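Enquirer: The structure's right below; bear with me while I get my questions together.
In my numbering, the protein residues as written are 175 to 589.
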């Protein structure tokens with residue numbers, strides 16, 4: 175997939191007529207010369223004032239334009255996005271959308287169903303849709319609205335920009351995982367004849383960038399860093415009947431992993447970059463943060479007799495939010511927020527279930543499938559909102575607005 179880039183501009187200097195009439199004071203009477211000089215001084219002062227006023231107006235205009243553009247297109251500026259809810263609920267194309275196949279980007283949301291890939295802005299206006307013919311489609315979306323959609327267990331995938339289909343690819347072996355970063359560098363994880371799995375990374379022009387074959391662990395998740403210069407992968411195996419997991423961190427300039435962290439007694443099933451210098455991993459019994467020099471430091475945050483109900487990885491804020499059930503059945507959840515340094519910054523006990531959790535800046539929302547509850551990150555309860563019964567996923571897109579994936583449609587709610 176190719177990222178659209180602005181064509182470099184070529185600036186030409188204006189050519190001015192450098193010839194001008196030269197008037198000597200000797201050609202004028204002294205009175206006329208002084209009068210002419212005074213007039214010139216007044217004109218210069220007037221022109222100077224006008225230039226200052228014009229410059230100030232231009233600066234104010236530029237600042238206003240930058241502010242509007244930033245808040246319109248930045249994910250962190252969604253709170254200033256003037257959302258029109260007239261087009262909601264949005265009826266989904268196809269029969270079913272799994273909750274993992276629904277996601278948001280800077281100024282919209284996207285999903286893949288059993289029959290269609292579709293992308294909308296936050297006003298509910300359709301930007302693009304395309305039929306898919308995969309038996310088990312899976313979508314990974316980047317922050318710019320580009321996506322890779324692949325056939326789980328098959329060998330075909332498609333790349334989409336924000337408004338068009340860009341490329342159709344095919345792997346030599348069965349395809350199990352994929353990812354795409356903000357520069358449209360993408361990766362696939364496939365079956366391998368001689369190894370457990372093979373990681374293949376491609377540039378945005380679809381040419382090969384990196385490859386690695388895994389010998390010991392079955393890989394459960396992969397993620398690319400924002401720059402497209404490295405990746406993280408996690409995997410599992412058993413040793414003498416004991417569960418064992420691993421977190422790999424790759425630098426694409428090296429054939430071998432930059433970092434390798436083994437974890438005993440836990441199954442790590444997901445991973446993601448919180449920033450260019452920090453990654454997180456999610457396990458059944460604990461979450462993990464890897465950072466430091468060459469990603470050599472591993473921080474473990476045990477769930478301490480709680481059960482993981484849901485989690486949210488916010489790559490904009492670098493915060494991992496967890497919904498941990500104190501009763502073991504998904505109810506009475508504790509909201510735990512962890513930063514990219516591995517520190518638990520807030521922990522809030524609630525009496526609600528947290529089937530789903532989503533964060534936006536200093537706000538966290540949880541849902542029990544019938545209601546959404548909004549909290550500040552420091553634990554203050556803000557509001558609750560009834561939502562469609564049987565909700566399957568929530569995405570907080572501003573401090574007071576949430577998008578909800580339902581069974582047949584997508585709705586928007588304002589607290």
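Every residue, glycine too, gets a C-beta built ideally from N, C-alpha and C.
This structure is a prediction, so every number in the text was calculated from the model and none was measured.
According to DSSP, which residues form a beta bridge with residue 425?
Expert: Against the chain shown, residue 425 aligns to sequence position 251. In DSSP, residue 425 forms a bridge with 404.
Enquirer: Does DSSP put residue 601 in a helix, in a strand, or in coil?
Expert: It is not possible to answer for residue 601, since the shown part of the chain is limited to 175 through 589.
Enquirer: Based on DSSP bridge pairs, tell me the residues matched to residue 536.
Expert: Counting from one through the chain shown, the residue named residue 536 turns up at place 362. Residue 536 is not bridged to any residue.
Enquirer: Quick check: what's the CA-CA separation for residue 547 versus residue 481?
Expert: Residue mapping note: residue 547 aligns to position 373 of the chain shown, counting from 1. Residue mapping note: residue 481 aligns to position 307 of the chain shown, counting from 1. One C-alpha to the other measures close to 20 Å.
Enquirer: In whole angstroms, what is the alpha-carbon distance linking residue 493 and residue 487?
Expert: Taking the chain shown and counting its residues from 1, the one referred to as residue 493 is at position 319. Taking the chain shown and counting its residues from 1, the one referred to as residue 487 is at position 313. Distance between the alpha carbons of residue 493 and residue 487 is about 6 Å.
Enquirer: Between which two residues does the beta strand (DSSP E) containing residue 569 stretch?
Expert: For the purposes of this step, residue 569 is taken as the residue at position 395 of the chain shown. Element bounds for residue 569: 567-572.
Enquirer: Just verifying my parser: in three-state terms, what is the DSSP assignment at residue 260?
Expert: Taking the chain shown and counting its residues from 1, the one referred to as residue 260 is at position 86. In the structure shown, residue 260 sits in a helix (DSSP, three-state: H, G or I).
Enquirer: With 16 as the cutoff for other CB atoms within 10 Å, does residue 395 come out buried or exposed?
Expert: As a position in the chain shown, residue 395 is number 221, starting the count at 1. Buried, since its Cβ has 16 or more Cβ neighbours within 10 Å.
Enquirer: Looking at residue 511 and residue 519, is the spacing between their C-beta atoms short of 8 Å?
Expert: Numbered from 1 along the chain shown, position 345 holds the residue referred to as residue 519. Numbered from 1 along the chain shown, position 337 holds the residue referred to as residue 511. Contact flag set, yes.
Enquirer: Starting from residue 301, trace the beta strand (DSSP E) in both directions and tell me its first and last residue.
Expert: As a working note, residue 301 is residue 127 in the chain shown. Note, residue 301: beta strand (DSSP E), 300-305.
Enquirer: For my contact list, residue 409 and residue 391 are in at a C-beta cut-off of 8 Å; report their separation, rounded to the angstrom.
Expert: Against the chain shown, residue 409 aligns to sequence position 235. Against the chain shown, residue 391 aligns to sequence position 217. With a Cβ gap of about 3 Å, residue 409 and residue 391 count as contacting.
Enquirer: Can you tell which of 292, 259, 282 and 261 has the C-alpha that lies nearest to the C-alpha of residue 271?
Expert: For the purposes of this step, residue 271 is taken as the residue at position 97 of the chain shown. For residue 271, the nearest C-alpha among the options comes from 292.
Enquirer: Where does residue 502 fall in DSSP's three states?
Expert: Taking the chain shown and counting its residues from 1, the one referred to as residue 502 is at position 328. Three-state DSSP puts residue 502 in coil, outside helix and strand.
Enquirer: What are the boundary residues of the beta strand (DSSP E) that includes residue 382?
Expert: For the purposes of this step, residue 382 is taken as residue 208 along the chain shown, with counting starting at 1. Element bounds for residue 382: 382-388.
Enquirer: Give me the residue from 387, 437 and 355 with the minimum Cα distance to residue 368.
Expert: Numbered from 1 along the chain shown, position 194 holds the residue referred to as residue 368. Comparing Cα positions, the closest option is 387.
Enquirer: Rounding to the nearest angstrom, what Cα-Cα distance links residue 553 and residue 538 in this structure?
Expert: For this step, residue 553 is matched to residue 379 along the chain shown. For this step, residue 538 is matched to residue 364 along the chain shown. Approximately 9 Å between the Cα atoms of the pair.
Enquirer: Can you name, in chain order, every residue of its own chain whose Cβ lies under 6 Å from the Cβ of residue 544, other than the five neighbours on each side?
Expert: Taking the first residue of the chain shown as 1, we reach residue 544 at position 370. Excluding sequence neighbours, residue 544 sits near 563.
Enquirer: Helix, strand or coil: which one does DSSP assign to residue 275?
Expert: Along the chain shown, one-based indexing puts residue 275 at 101. Helix, per DSSP.
Enquirer: Between the alpha carbons of residue 337 and residue 268, how many angstroms are there, rounded?
Expert: In the chain shown, residue 337 corresponds to position 163, counting from 1. In the chain shown, residue 268 corresponds to position 94, counting from 1. So the two alpha carbons sit approximately 19 Å from each other.
Enquirer: Could you tell me whether the Cβ of residue 532 comes closer than 8 Å to any Cβ of chain B?
Expert: Checking the listed chains, one finds no chain B in this structure; it contains a single protein chain.
Enquirer: Within the same chain, show all residues whose beta-carbon is closer than 7 Å to that of residue 366, passing over the 5 residues directly before and after it, in chain order.
Expert: Here residue 366 is taken as the residue at index 192 of the chain shown, counted from 1. 347, 372 and 387.
Enquirer: Rounded to a whole number of angstroms, what is the C-alpha to C-alpha distance between residue 535 and residue 491?
Expert: Against the chain shown, residue 535 aligns to sequence position 361. Against the chain shown, residue 491 aligns to sequence position 317. Answer to the nearest angstrom: the Cα atoms are 6 Å apart.
Enquirer: Across the stretch 318-325 and the stretch 286-305, are there enough close Cβ pairs to call them in contact, namely three or more that are closer than 8 Å?
Expert: The answer is yes - the stretch 286-305 touches the stretch 318-325, with three or more Cβ pairs under 8 Å.
Enquirer: Using 10 angstroms around the beta-carbon of residue 258, count the other beta-carbons present and answer buried if the total reaches 16, otherwise exposed.
Expert: The count along the chain shown starts at 1 and reaches residue 258 at position 84. Per the 10 Å Cβ criterion, exposed.
Enquirer: Residue 277: which of 531, 357, 327 and 360 sits nearest, CA to CA?
Expert: To locate residue 277, count along the chain shown from 1; it is residue 103. Among 531, 357, 327 and 360, the Cα nearest to that of residue 277 belongs to 531.
Enquirer: For the beta strand (DSSP E) that contains residue 313, what are its first and last residues?
Expert: Position 139 of the chain shown, counted from the start, is the residue given in the question as residue 313. Run containing residue 313: 311-315, per the beta strand (DSSP E) assignment.
Enquirer: What does DSSP give as the partner residues of residue 334 in its beta bridges?
Expert: For the purposes of this step, residue 334 is taken as the residue at position 160 of the chain shown. Residue 334 pairs with 321 and 339.
Enquirer: Across which residues does DSSP place residue 444 in a beta bridge pair?
Expert: As a working note, residue 444 is residue 270 in the chain shown. 456, per the DSSP bridge assignment.
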